[in-house]
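Asker: Just passing along the structure, written as structure tokens.
Residue numbers (the numbering used here): 1 to 145.
Here it is as structure tokens:
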């Protein structure tokens, strides 16, 4: 699994004009599920999302994690993260998990995140979503599980 995380002051996701998820200060995580991903990958990614130190401490150093700053976590499925872009001018999605498996693992990640942290929101799997955010920093990292 891959997650492109962005430290945000606020972020939201809308489907057909209605907001389905929104957070204030925290992390927006665009999540891609790849072939071969499993429940262990879900657990590794969730651990990183909750513990990755990307928030500034009193000295401005990135030493604090999402829990320490009491931030929100917005999870948005994005299968295009699984694209192979090494060759040519058109992405290949052959490494992306099949839709049913992507759905299962994304929703497992969401359920486990909700059980582990009280401020979790999400988009809708496979929907045409509009994601809005204010990137804080900007701070953006690509995480692999």
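In this text, a Cβ means the ideal position worked out from N, Cα and C, and glycines have one as well.
1) By alpha-carbon positions, which one of 5, 75, 118, 114 ends up nearest to residue 53?
2) Report yes if the C-beta distance between residue 29 and residue 49 is below 8 Å; otherwise report no.
3) For residue 119, which residues in the same chain have their Cβ closer than 6 Å to its Cβ, ignoring the five residues on either side in sequence?
4) So, helix, strand or coil for residue 44, using DSSP?
5) Three Cβ pairs or more, each shorter than 8 Å: is that satisfied between the stretch 62–77 and the stretch 123–140?
6) Would residue 113 and residue 32 qualify as a contact pair, given that the criterion is a beta-carbon distance under 8 Å?
7) I need the boundaries of the alpha helix (DSSP H) containing residue 106, first residue and last residue.
8) Spell out the partners DSSP gives residue 19 in its beta bridges.
9) The beta strand (DSSP E) with residue 26 in it runs from where to where?
10) For residue 35, which residues does DSSP report across the bridge?
Answerer: Concretely, from the data shown:
1) Here residue 53 corresponds to residue number 53 of the chain shown, with the count starting at 1. If we check each option's Cα against that of residue 53, 5 comes out closest.
2) Counting from one through the chain shown, the residue named residue 29 turns up at place 29. Counting from one through the chain shown, the residue named residue 49 turns up at place 49. The beta carbons of residue 29 and residue 49 sit closer together than 8 Å.
3) Taking the first residue of the chain shown as position 1, residue 119 is located at position 119. Apart from the 5 residues on each side of it in sequence, residue 119 sits with its Cβ closer than 6 Å to the Cβ of 72 in its chain, given in chain order.
4) Counting from one through the chain shown, the residue named residue 44 turns up at place 44. Correct three-state label for residue 44: helix.
5) Touching, yes, given that three or more Cβ pairs across the two stretches are closer than 8 Å.
6) As a working mapping, residue 113 is identified with position 113 in the chain shown. As a working mapping, residue 32 is identified with position 32 in the chain shown. Cβ atoms of residue 113 and residue 32: not closer than 8 Å.
7) Residue numbering aside, residue 106 sits at position 106 when the chain shown is read from its first letter. Start and end: 99–116.
8) Sequence index remark: in the chain shown, residue 19 carries index 19 (1-based). Paired residue(s): 14.
9) In the chain shown, the residue the question calls residue 26 occupies position 26. Under the DSSP assignment, residue 26 falls in the beta strand (DSSP E) whose first and last residues are 26–32.
10) Looking up residue 35 in the chain shown gives position 35. DSSP lists no partner for residue 35.
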